[in-house]
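Okay, so the sequence shown: first residue is 6 according to our numbering, each after it adds one. Notes to accompany the following structure.
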Amino acid sequence: MSSRADIDVRPITEAEFPGWLRAVHAGFLREPSVSEEEIEARRGRFDPGRVLGAFDGDRCVATLASFTQELTAVGGAPVPANAVTGVTVTATHRRRGLLTRMMAQDLAAAKERGDVVATLIAAEYPIYGRYGFGPATSASEWTVDVPRAGLDPRRAVPEDGGRVDLVDAPEVRKLGPELYERLRRAQPGAVSRDERWWKVNTGALRLEPSWTEPFFACYRSAAGEVEGLVAYTADDTWGDTKQPMCTATVRGLIGATPAAERALWRYLCSIDWIVKVRSGWRAPDDLLPHFLPDPRAARIATQADWLWVRILDVVRALEARTYEAVGSLVLEVADGDGLTGGRYRLEASEGGAGTCAPSEDGADLALGVGELASLWLGDESAVRLAALGRVREGRAGAARQADALLRTSRRPWCPDMF
Numbered sequence: 006m007s008s009r010a011d012i013d014v015r016p017i018t019e020a021e022f023p024g025w026l027r028a029v030h031a032g033f034l035r036e037p038s039v040s041e042e043e044i045e046a047r048r049g050r051f052d053p054g055r056v057l058g059a060f061d062g063d064r065c066v067a068t069l070a071s072f073t074q075e076l077t078a079v080g081g082a083p084v085p086a087n088a089v090t091g092v093t094v095t096a097t098h099r100r101r102g103l104l105t106r107m108m109a110q111d112l113a114a115a116k117e118r119g120d121v122v123a124t125l126i127a128a129e130y131p132i133y134g135r136y137g138f139g140p141a142t143s144a145s146e147w148t149v150d151v152p153r154a155g156l157d158p159r160r161a162v163p164e165d166g167g168r169v170d171l172v173d174a175p176e177v178r179k180l181g182p183e184l185y186e187r188l189r190r191a192q193p194g195a196v197s198r199d200e201r202w203w204k205v206n207t208g209a210l211r212l213e214p215s216w217t218e219p220f221f222a223c224y225r226s227a228a229g230e231v232e233g234l235v236a237y238t239a240d241d242t243w244g245d246t247k248q249p250m251c252t253a254t255v256r257g258l259i260g261a262t263p264a265a266e267r268a269l270w271r272y273l274c275s276i277d278w279i280v281k282v283r284s285g286w287r288a289p290d291d292l293l294p295h296f297l298p299d300p301r302a303a304r305i306a307t308q309a310d311w312l313w314v315r316i317l318d319v320v321r322a323l324e325a326r327t328y329e330a331v332g333s334l335v336l337e338v339a340d341g342d343g344l345t346g347g348r349y350r351l352e353a354s355e356g357g358a359g360t361c362a363p364s365e366d367g368a369d370l371a372l373g374v375g376e377l378a379s380l381w382l383g384d385e386s387a388v389r390l391a392a393l394g395r396v397r398e399g400r401a402g403a404a405r406q407a408d409a410l411l412r413t414s415r416r417p418w419c420p421d422m423f
C-alpha cells in the first residue's frame, strides 16, 4: 500500500486527461471505459491548471476540477465564484486525505484569484462541511397527477394573450441565453451559463452517447416577447386497456414572469396522452402547485439540499448582497482553514445596501464560515441554527435580528447541476 507521501496531488497534464476522466468514471460508478468522443467533448470545459489529480504512480486515483462561474447574490449582484466539480476518490484510496489536499489547493488558488465564494452540488451531505461549505439552497421535485389537477383542456391557451410554440434546438440556442440572463439577474442562487452549457443541453455537444433530444417549447407574451422556455421528454407507457399513461419529464423550465411559468406548466398538463408531469428540480417555494385548480395534484417526490457555498471573502460577500431591514451586527466568523475568519461589523442601511469591515467590538453572533454561507443567500434561519447549537448569541436577540436582516421573501434557487 502506498503511503500518503507517495501520492502526488497536482494539476494534470493534457496527456493525463483520459486517465483523469477514467478516475471520474470509477468514482461515480460509471462504465469504466471512456470513449474518444467523450474525452474530446469534456476536455474543452476545463482549464488544465484547475484540473487536479492524485497520482499513485502513473494511475490517477482522485479527481477535482473547478471552473469560472458567477453566482447571483440577494439583490441581483453577480459575484465571482469558483465552481467545484468532478470530485472523486477511487475506492482503493479512501481515507488517505486526498480530497483534503485537493480541496486545500483549489480553495487557496480561488482565494488568490479573488473569487468571493466557491460553489458545488454535493452528492453526499457529510463531506463538504469539513471544508467550510454550507448548504445555501435546496430544491424540490414535484409529480403532477394531471387528471386530478382540474385543468380544463379547452382552456390550454394562455389567458393573457400570449402563446406557446414548439421550437427547435438552434432556436433555443438563440433565444435561451438572453432569457436566462433575465432570470439570473432576479434569482438569488442562480449561476451563470456559458455558450458551452447551451450546446450541451441542446445536443450540439454530446457528452453521453445515450443523450435523448427533448422537446422545446417557448412562451411569448402578448407583445411577442420570449418570456419562458421549457425542455421536456415523454415516455411511451400504455395501460392494459390501451389507455395512454405517459409521463412528461421536465429537464428545465425557466420563466422571466409568473405568467410565463403558468403558461408552460399548463401547456405540459394539456398534452394529449400525458397523465403525469415530473417537474425536474425546482425552487422549494415554486409556484407550480398553485397554478393548478387542485394544488394537491402536485406532490413532492424529492426534496434535498442543492447548491453549497463556501465563502472566501466575508467582506465582499456581505457587501455584494442587499438587506431586508436596517441594522448593525457584529459577526465572529470561525474558519478552520484560515481563508476568511475574523470579526466583522455588518451595517445595513436604508435602501438595502450593506457595508462590512473588520471590527474589534464584541461579537453579537458567533458562527462558522459554513453557517454564514447557509445564511448568506437568505434561505436559512439564524434562530434555527442557534437552536441547533451551530450559532451562538453574544447578545440576546442577535439571531432574530440576523434573520430580519438576512432572510428573503422568496427562497434562493439554483436551476443548474454542474
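Glycine residues also receive a C-beta, built at the ideal position from the N, C-alpha and C atoms. The structure presented is a predicted model; accordingly, all values stated were derived computationally and were not measured.
Give me the residue from the options with the minimum Cα distance to residue i.
| i | options | result |
| --- | --- | --- |
| Glu-21 | Ala-46, Thr-307, Cys-65, Val-39 | Cys-65 |
| Asp-299 | Val-151, Phe-72, Ala-70 | Val-151 |
| Val-320 | Ser-71, Leu-351, Arg-15 | Leu-351 |
| Tyr-349 | Leu-323, Val-205, Thr-105 | Leu-323 |
| Ala-227 | Gly-91, Asp-170, Pro-23, Asp-421 | Asp-170 |
| Asp-52 | Arg-35, Arg-405, Glu-337, Ala-88 | Ala-88 |
| Tyr-328 | Pro-219, Gly-359, Gly-166, Asp-120 | Gly-359 |
| Thr-73 | Gly-208, Trp-202, Met-250, Gly-257 | Trp-202 |
| Arg-395 | Val-56, Gly-375, Cys-223, Ser-143 | Gly-375 |
| Leu-156 | Ala-303, Arg-101, Glu-183 | Ala-303 |
| Arg-190 | Asp-120, Thr-90, Ala-78 | Ala-78 |
| Gly-102 | Ala-404, Lys-247, Ala-59 | Ala-59 |
| Arg-405 | Ala-46, Ile-305, Cys-361, Ala-330 | Ala-330 |
Exposed or buried, which one is residue i when buried takes at least 16 other CB atoms within 10 Å?
| i | result |
| --- | --- |
| Glu-266 | buried |
| Gly-139 | buried |
| Glu-232 | buried |
| Gln-308 | exposed |
| Arg-400 | exposed |
| Val-14 | buried |
| Asp-366 | exposed |
| Leu-212 | exposed |
| Leu-269 | buried |
| Arg-389 | exposed |
| Trp-216 | exposed |
| Pro-158 | exposed |
| Arg-225 | buried |
| Leu-393 | exposed |
| Asp-111 | buried |
| Gln-248 | exposed |
| Asp-120 | buried |
Consult DSSP for residue i and reduce its assignment to one of helix, strand or coil.
| i | result |
| --- | --- |
| Tyr-349 | strand |
| Pro-37 | coil |
| Ser-71 | strand |
| Glu-398 | strand |
| Ile-44 | helix |
| Phe-138 | coil |
| Glu-337 | strand |
| Trp-243 | strand |
| Thr-360 | strand |
| Glu-1 | In the structure as shown, the chain begins at 6 and stops at 423. Residue 1 is therefore absent and cannot be evaluated. |
| Asp-165 | coil |
| Ser-275 | coil |
| Asp-342 | coil |
| Trp-418 | coil |
| Arg-187 | helix |
| Glu-200 | helix |
| Trp-311 | coil |
| Pro-214 | coil |
| Gly-260 | strand |
Grab me the residues of residue i's own chain with a C-beta within less than 7 Å of its C-beta, minus the 5 sequence neighbours each way, in chain order.
| i | result |
| --- | --- |
| Gly-32 | Thr-68, Thr-93, Val-94, Thr-95 |
| Gly-54 | Pro-16 |
| Ser-386 | Asp-408, Arg-412 |
| Ser-364 | Val-335, Arg-348, Tyr-349, Arg-350 |
| Val-205 | Leu-212 |
| Tyr-185 | Arg-198, Ile-259 |
| His-30 | Glu-36, Pro-37, Val-39 |
| Glu-19 | Pro-53 |
| Arg-416 | Ala-288, Pro-289, Asp-290, Asp-384 |
| Val-122 | Leu-76, Val-84, Ala-86, Val-314, Arg-315, Ile-316, Leu-317, Ala-322 |
| Ile-44 | Phe-22, Pro-23, Leu-26 |
Identify, in the order they occur along the chain, each residue of the same chain with its Cβ nearer than 8 Å to the Cβ of residue i, setting aside the five sequence neighbours on each side.
| i | result |
| --- | --- |
| Thr-252 | Ala-239, Asp-240, Thr-242, Ile-279, Val-280, Lys-281, Val-282, Arg-283 |
| Pro-263 | Leu-292 |
| Arg-397 | Leu-370, Ala-371, Leu-372, Ala-391 |
| Val-255 | Val-235, Ala-236, Tyr-237, Leu-273, Val-282, Arg-283, Ser-284, Gly-285 |
| Trp-313 | Thr-124, Leu-125, Ile-126, Ala-127, Tyr-133, Phe-138, Gly-139, Pro-140, Ala-141, Ala-378 |
| Thr-97 | Val-66 |
| Gly-167 | Tyr-224, Arg-225, Ser-226, Ala-227, Glu-232, Ala-264, Ala-265, Ala-268 |
Excluding sequence positions up to five away, which residues of its chain have a Cβ less than 6 Å from the Cβ of residue i?
| i | result |
| --- | --- |
| Ala-82 | Ala-325 |
| Met-108 | Tyr-136 |
Checklist entry - Are the segment 353 to 365 and the segment 373 to 393 touching by the rule of at least three beta carbon pairs closer than 8 Å? => result In short, these stretches do not touch, since the Cβ pair count stays below three.
Checklist entry - Does the pairing of the segment 167 to 185 with the segment 339 to 347 give three or more beta-carbon distances under 8 Å? => result Under the 8 Å Cβ criterion, the segment 167 to 185 does not count as touching the segment 339 to 347, having fewer than three qualifying pairs.
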